[in-house]
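S.K.: Sending over a structure as structure tokens; questions will come in a sec.
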Amino acid sequence: MFHSSAAHSQDREHTWTTAPAPEDHAYHPDQSSADAGGGHPTLPGGAPGPPERRRFPGMASQIKHARRFVERVLSDSPQCQTATLLISELATNAITHSDSGAAGGKFEVTVYQAPNWSRVEVRDLGSLDQPRAQHHDPYDVSENGRGLDLVEALAATWGVQKRHDGMGRLVWFELVWEDEAALPGEL
């Protein structure tokens with residue numbers, strides 16, 4: 003379970019810096035998603051183009067705008083629907099479990115893409131707890147607590163990083179897909 007440290011948000015000023023580029027975190031298909039990060043990636047299909055980034059007010063009404071942003075950026079990707087679902091989960095977590103959901107809070111979404119690969123990042127204003135998948139019983143019918151379980155199940159890799167200045171964190175996921183032109187049996 004996560005606990006927001008929203009009460010502490012009034013005691014500090016939040017500044018935003020440029021989010022780390024994808025080359026700061028390697029894609030390692032043989033690594034556990036929780037262990038991913040560090041090194042230089044060998045991306046399927048080549049290097050990513052410039053990132054697209056957007057900042058949102060930390061309100062529940064902004065989750066749909068974060069989804070639309072990712073949907074627009076990844077509209078040509080066969081993983082667009084998956085990315086849209088996962089950004090909804092991460093944006094919800096940002097406003098529910100971090101100082102981003104406090105008055106005046108915000109969160110930022112960054113999308114990188116290359117042929118056959120995308121990376122989506124959410125930067126929030128942090129909390130006292132570290133995000134982690136909960137691994138719920140599949141027959142549990144409660145409506146909450148499955149966001150990072152979905153990310154873990156659907157993403158090629160994902161991870162969490164604290165900001166160097168201690169003022170928030172970055173939660174990210176990567177999606178990988180086959181080149182549709184290279185699939186056998188299709189004309």
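As numbered in the numbering used here, residues 3 to 189 make up the sequence shown, in order. Ideal Cβ positions, reconstructed from N, Cα and C, are used throughout, including at glycine.
From the DSSP secondary-structure annotation, give me the bridge partner or partners of Trp179.
M.R.: Along the sequence shown, read from residue 1 onward, the residue named residue 179 stands at position 177. In DSSP, Trp179 forms no bridge with anything.
S.K.: If distances are taken between C-alpha atoms only, which option among Glu110, Gln81 and Met61 comes closest to Leu172?
M.R.: By one-based count along the sequence shown, residue 172 stands at place 170. Comparing Cα positions, the closest option is Glu110.
S.K.: Among Cys82, Gly60, Gln83 and Arg74, which one has its Cα closest to the Cα of His99?
M.R.: Counting from one through the sequence shown, the residue named residue 99 turns up at place 97. Answer by Cα proximity: Gly60.
S.K.: Buried or exposed: Pro50, going by 16 or more other Cβ atoms within 10 Å of its Cβ?
M.R.: On the sequence shown, position 48 is the one that residue 50 refers to. It counts as buried.
S.K.: Pull up the distance between the alpha-carbon of Gly161 and that of Glu176, whole angstroms please.
M.R.: Position 159 of the sequence shown holds residue 161. Position 174 of the sequence shown holds residue 176. About 9 Å.
S.K.: Of the choices Arg70, Val178, Ala68 and Ser102, whose alpha-carbon is the least far from that of Gly128?
M.R.: As a position in the sequence shown, residue 128 is number 126, starting the count at 1. Comparing Cα-Cα distances from Gly128 to each of Arg70, Val178, Ala68 and Ser102, the minimum goes to Ser102.
S.K.: Could you check the C-alpha separation between Thr94 and Ala62 for me, to the nearest Å?
M.R.: The residue labelled residue 94 in the question sits at position 92 within the sequence shown. The residue labelled residue 62 in the question sits at position 60 within the sequence shown. The alpha-carbon atoms of Thr94 and Ala62 are separated by roughly 7 Å.
S.K.: Suppose contacts are defined by Cβ-Cβ distances below 7 Å. Is Gly168 in contact with Asp126 by that definition?
M.R.: The residue given as residue 168 occupies position 166 in the sequence shown. The residue given as residue 126 occupies position 124 in the sequence shown. No; because the gap between Cβ atoms is not below 7 Å, this pair is not in contact.
S.K.: So if DSSP puts Lys66 in a beta bridge, which residue, or which two residues, is it bridged to?
M.R.: Position 64 of the sequence shown, counted from the start, is the residue given in the question as residue 66. The partner list for Lys66 (beta bridge, DSSP) is empty, contrary to what the question assumes.
S.K.: Specify, as a first and last residue, the run of the beta strand (DSSP E) that Ala116 falls within.
M.R.: Taking the first residue of the sequence shown as position 1, residue 116 is located at position 114. Unbroken beta strand (DSSP E) run through Ala116: Lys108 to Ala116.
S.K.: How long is the line joining the alpha carbons of Val75 and Glu180, rounded to whole angstroms?
M.R.: Here residue 75 corresponds to residue number 73 of the sequence shown, with the count starting at 1. Here residue 180 corresponds to residue number 178 of the sequence shown, with the count starting at 1. For Val75 and Glu180, the distance between alpha carbons rounds to 19 Å.
S.K.: Here's the rule I'm using: 16 or more other beta-carbon atoms within 10 Å means buried, otherwise exposed. How should Val77 be labelled?
M.R.: The residue labelled residue 77 in the question sits at position 75 within the sequence shown. For the record, residue 77 in the displayed sequence is Ser; it is not Val. Exposed, because fewer than 16 other Cβ atoms sit within 10 Å of the Cβ of Ser77.
S.K.: Over the uninterrupted beta strand (DSSP E) stretch that includes Gly161, give me the two end residues.
M.R.: Here residue 161 refers to the residue found at position 159 when the sequence shown is read from its first residue. Here the beta strand (DSSP E) through Gly161 covers Thr159 to Lys164.
S.K.: For Val113 and Glu154, I'd like the C-alpha separation in whole angstroms.
M.R.: Taking the sequence shown and counting its residues from 1, one reaches residue 113 at position 111. Taking the sequence shown and counting its residues from 1, one reaches residue 154 at position 152. The straight-line gap from Cα to Cα measures roughly 18 Å.
S.K.: Which word fits Arg121, buried or exposed, when buried means at least 16 other C-beta atoms lie within 10 angstroms of its C-beta?
M.R.: Against the sequence shown, residue 121 aligns to sequence position 119. Buried, by the Cβ-count rule.
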